[in-house]
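Engineer: Using full-length UniProt numbering, the first residue of the sequence shown is number 1, and each one after it goes up by one. By construction, the Cβ of each residue, glycine as well, lies at the ideal position given by its N, Cα and C atoms.
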Amino acid sequence: NDEMETRKTTALTTVITGLRKFTNYSLQVLAFTKVGDGVLTTPSYCQTEEDVPGPPADLKVVVSSPQSLKVSWLQPVEPNGVLTKYNLYRRSMDGRTEVDNARQTISSQNTIFEVKSVQSHIEYQFWVTASTRIGEGQSSKVVSQVATPRVPARIISFGGVVVRPWRSTVSFNCEAVGAPKREWLRNDQILKIPPIAPLLYVTSATSSSVLLHWKAGNNGGASISGFTLNYKKEHGDIEEVHLSRHATSYELKPPNKSGH
1 NDEMETRKTT ALTTVITGLR KFTNYSLQVL AFTKVGDGVL TTPSYCQTEE
51 DVPGPPADLK VVVSSPQSLK VSWLQPVEPN GVLTKYNLYR RSMDGRTEVD
101 NARQTISSQN TIFEVKSVQS HIEYQFWVTA STRIGEGQSS KVVSQVATPR
151 VPARIISFGG VVVRPWRSTV SFNCEAVGAP KREWLRNDQI LKIPPIAPLL
201 YVTSATSSSV LLHWKAGNNG GASISGFTLN YKKEHGDIEE VHLSRHATSY
251 ELKPPNKSGH
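1) Got a sec: does the ligand GDP put a non-hydrogen atom nearer than 6 Å to the Cβ of Ser65?
2) Can you give me the C-alpha to C-alpha distance between Ile193 and Gly221, rounded to a whole angstrom?
3) Keeping to the same chain, check which residues put their C-beta closer than 7 Å to that of Gly259; ignore five residues upstream and five downstream.
4) Exposed or buried, Ala179, counting other C-beta atoms within 10 Å across all chains shown (16 or more means buried)?
5) Whole angstroms is fine: what's the gap from Leu40's alpha carbon to Glu78's?
6) Mind listing, in chain order, the continuous beta strand (DSSP E) runs of no fewer than 3 residues lying wholly within the UniProt domain "Fibronectin type-III" (194–260)?
7) Determine the contact status of Ala216 and Pro198, defining contact as a CB-CB distance below 7 Å.
8) For the UniProt domain "Fibronectin type-III" (55–151), list the beta strand (DSSP E) runs that are entirely contained and at least 3 residues long, ordered along the chain.
9) Going by beta-carbon coordinates alone, are Gln125 and Ser144 separated by less than 7 Å?
10) DSSP state of Gly36, grouped into three classes?
11) Less than 7 Å separating the beta-carbons of Lys107 and Thr84?
12) How many whole angstroms separate the CB atoms of Ser72 and Ile112, which I take to be in contact at a CB cut-off of 8 Å?
13) Quick one: residues in its chain with C-beta nearer than 7 Å to the C-beta of Ser209, no 5 flanking neighbours on either side, listed in chain order?
14) What are the boundary residues of the beta strand (DSSP E) that includes Leu27?
15) Could you tell me the alpha carbon to alpha carbon distance between His214 and Leu185, rounded to whole angstroms?
16) Out of curiosity, what's the CA-to-CA distance linking Glu240 and Tyr231?
17) If you count every other CB in all the chains shown that lies within 10 Å of the CB of Ser225, and 16 or more means buried, which is it?
18) List the residues that DSSP assigns as beta-bridge partners of Ser157.
19) Let's test the definition: count the other Cβ atoms within 10 Å of the Cβ of Leu27 and tell me whether it reaches 16, buried, or not, exposed.
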């Protein structure tokens with residue numbers, strides 16, 4: 001957000017403190033007398049230096065298979081620079097005894113990592129840090145998960161508020177594990193979309209007819225009411241045939257006096 005701040009001094013130099021890290025600023029100076037303010041200089045632009053980042057904003061761990069766990073996190077609220085990597089720390093506990101510990105370096109573009117070859121009924125503890133070129137930042141909270149043979153349904157992605165202009169395209173990511181399959185809801189109702197196009201193919205053709213078959217695709221969350229077949233002759237207009245929702249084939253023939 002753009003914020004304007006004014007500071008007064010009688011000197012020709014001043015030190016401005018309390019600025020945000022890795023942030024762009026524009027500076028202008030004017031002189032004033034008892035008569036009034038003078039003319040502002042043209043803006044000068046500068047950027048504060050990078051620093052180590054703050055902690056990742058959130059962290060969760062779920063069972064993704066009997067032998068693996070998926071770890072997901074949110075980038076720091078205050079990155080304080082260009083993130084260069086994440087550091088995923090792990091330790092395994094058998095009761096109060098630490099069995100193993102490890103650190104995994106992960107690209108700054110990734111915020112989900114699957115840890116494989118874990119042992120059942122062993123508690124695993126995870127925490128994440130982010131790094132800039134200055135160094136490693138603060139740690140996230142520590143989250144524990146026990147590896148189990150059962151894989152319950154869990155969403156690994158994080159929820160949040162998305163603001164976009166009216167009628168613009170929005171893409172939502174929903175990384176999930178286990179069963180049942182995920183469902184998209186709007187106002188607590190299952191979100192329904194138009195069905196995707198059926199798979200259409202020709203099974204036979206003669207000099208005067210074509211036999212068409214199709215396979216329905218995903219119905220978008222609602223029952224299919226019927227099918228519409230569109231066809232046209234060369235240099236002709238597009239014509240439509242409305243078919244039952246149970247139909248899976250249609251023989252296209254030349255029109256006669258009674259219709260198609």
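Structural biologist: By the coordinates alone:
1) This structure does not include the ligand GDP; it has no bound ligands of any sort.
2) What you label residue 193 is simply residue 193 of the sequence shown in a count that begins at 1. What you label residue 221 is simply residue 221 of the sequence shown in a count that begins at 1. When rounded, the distance between both Cα atoms is 7 Å.
3) Indexing the sequence shown from 1 puts residue 259 at position 259. Interpretation of Gly259 is limited by its pLDDT of 46, a score under 50 that renders its predicted location unreliable; no figure is taken from the coordinates.
4) In the sequence shown, the residue the question calls residue 179 occupies position 179. Exposed, because fewer than 16 other Cβ atoms sit within 10 Å of the Cβ of Ala179.
5) The residue labelled residue 40 in the question sits at position 40 within the sequence shown. The residue labelled residue 78 in the question sits at position 78 within the sequence shown. In this model, Leu40 and Glu78 are separated by some 32 Å (Cα to Cα).
6) Taken in chain order, the complete beta strand (DSSP E) segments of 3 residues or longer contained in the UniProt domain "Fibronectin type-III" (194–260) are 199–205, 210–215, 226–232, 238–244, 249–252.
7) Reading the sequence shown from its first residue, position 216 is the one you call residue 216. Reading the sequence shown from its first residue, position 198 is the one you call residue 198. Ala216 places its beta carbon less than 7 Å from that of Pro198.
8) The DSSP assignment places 56–65, 68–76, 85–94, 97–107, 112–116, 123–132, 135–139, 143–146 as complete runs of the beta strand (DSSP E) inside the UniProt domain "Fibronectin type-III" (55–151), in order along the chain (cut-off: 3 residues).
9) As a working note, residue 125 is residue 125 in the sequence shown. As a working note, residue 144 is residue 144 in the sequence shown. Contact annotation: Gln125 and Ser144 have beta-carbon atoms nearer than 7 Å.
10) Residue 36 sits at position 36 when you count from the first residue of the sequence shown. Residue state, collapsed to three classes: strand.
11) Position 107 of the sequence shown holds residue 107. Position 84 of the sequence shown holds residue 84. Lys is not the amino acid found at residue 107; the sequence shown has Ser there. No, they are not a contact pair.
12) Within the sequence shown, residue 72 is the residue found at index 72, counting from 1. Within the sequence shown, residue 112 is the residue found at index 112, counting from 1. That belief holds up - the Cβ atoms of Ser72 and Ile112 are roughly 5 Å apart, short of 8 Å.
13) Start at 1 with the first residue of the sequence shown, and residue 209 comes out as number 209. Contacts found: Glu251, Leu252, Lys253.
14) Position 27 of the sequence shown, counted from the start, is the residue given in the question as residue 27. In the DSSP assignment, Leu27 falls within the beta strand (DSSP E) that extends over 24–27.
15) By one-based count along the sequence shown, residue 214 stands at place 214. By one-based count along the sequence shown, residue 185 stands at place 185. Checking the sequence, you will find Trp at residue 214 rather than His. Distance between the alpha carbons of Trp214 and Leu185: 30 Å.
16) Taking the sequence shown and counting its residues from 1, one reaches residue 240 at position 240. Taking the sequence shown and counting its residues from 1, one reaches residue 231 at position 231. Going from the Cα of Glu240 to the Cα of Tyr231 covers about 7 Å.
17) Mapped onto the sequence shown, residue 225 falls at position 225. Exposed: under 16 other Cβ atoms inside 10 Å.
18) As a first step, residue 157 is located in the sequence shown; it is residue number 157 there, counting from the start. For Ser157, DSSP records no beta bridge to any residue.
19) The residue labelled residue 27 in the question sits at position 27 within the sequence shown. By the 16-neighbour rule on beta-carbons within 10 angstroms, Leu27 is exposed.
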